[in-house]
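Okay, so here's the structure we're looking at.
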Amino acid sequence: MRNVRPHHDAPLPEGGQAAGDAPRSRLNLLLSYAGFSADSWVDRLPLLLQPLGVHSLRAENCAEATRVIQHFPVHIAVVDLGLPMEQLTAHKPDAGEAGPRILELLRRLDAPPPIVVVKPARSHRDDARQIAAALRAGVYAVVDRPHGQGDLELMLGVLQRCLRRFYHNRWPGTSNC
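Numbering (the numbering used here), first residue to last: 1 to 177.
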């Protein structure tokens, strides 16, 4: 499971972890991100959530997201529709978008998690098309790609509402006696 890491950058064992071996956490959060900015929301969000017991699993391309989905129980998924199919390099500046494929993989799980879609800035027509397709796929929320502090707070609010609606304000990764 190279390239797929919990946010705290602890190395994963060679060959990855089985879902039953996932670190003890209250909630596993898949964070896919297709942006390139330094100190982005995807870097800051896990720092805010980790003290609460949220295990953030980042994926920067389709292969990484697929490995996370196969090896960890995902309780909430944040899927960037602009996620590339492959790792972008100077030789492969455009690897195609994998967001819809990740949505399909999540939807086919025995217990599909609630999904928050992050959409890149596009034309009004493309925005409407992406939102309609995401909602048809059963996603919980569609948000613009966060940029500033206000957008980070918006994402925290969406995740809080997601936890409230789908898990009745309880942590899904623990027994709630």
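Just so it is clear, CB atoms sit at the ideal spot from N, CA and C, and this is done for glycine as well. Just so you know, these numbers come straight off a predicted model, no measurement behind them.
Decide if Asn169 is buried, meaning its Cβ has at least 16 other Cβ atoms within 10 Å, or exposed.
Exposed: under 16 other Cβ atoms inside 10 Å.
Arg145, buried or exposed, once every other Cβ within 10 Å from all chains shown has been counted against 16
buried
Is the stretch 69-87 touching the stretch 107-124, taking contact as three or more C-beta pairs under 8 Å?
yes
Would you kindly report the start and end of the unbroken alpha helix (DSSP H) that includes Asp80?
No alpha helix (DSSP H) holds Asp80; the beta strand (DSSP E) holding it covers 76-80.
Compute the Euclidean distance between the alpha carbons of Arg164 and Pro73, then round it to the nearest angstrom.
19 Å
Within the same chain, show all residues whose beta-carbon is closer than 8 Å to that of Glu14, passing over the 5 residues directly before and after it, in chain order.
Bear in mind that the predicted position of Glu14 carries a pLDDT of just 34, short of 50, making it unreliable; the figure below should be weighed with that in mind. Cβ within range, chain order: n/a, list empty.
For Glu104 and Leu135, what's the separation of their Cα atoms in angstroms?
13 Å
Segments of 3+ residues assigned as beta strand (DSSP E) that fall wholly inside the stretch 139-172
141-144
Spatial neighbours of Met155 within its chain, please: CB distance less than 8 Å, with the 5 preceding and 5 following residues excluded, ordered by chain position.
Trp41, Leu45, Val78, Val116, Val143, Pro146
Assuming Leu30 contacts Leu47 under a Cβ cut-off of 8 Å, what Cβ separation, rounded to an integer in Å, is found between them?
About 17 Å separates the two Cβ atoms, so there is no contact after all.
Does DSSP put Glu60 in a helix, in a strand, or in coil?
Assignment of Glu60 by DSSP, reduced to helix, strand and coil, places it in the coil class.
Once you ignore the five residues that flank Asn3 on each side, which residues in its own chain have a CB closer than 6 Å to its CB?
Residue confidence is low: Asn3 scores 41 on pLDDT, short of 50, so the model does not pin down where it sits. Its coordinate-derived value is still stated next. Answer for Asn3: Glu64, listed in chain order.
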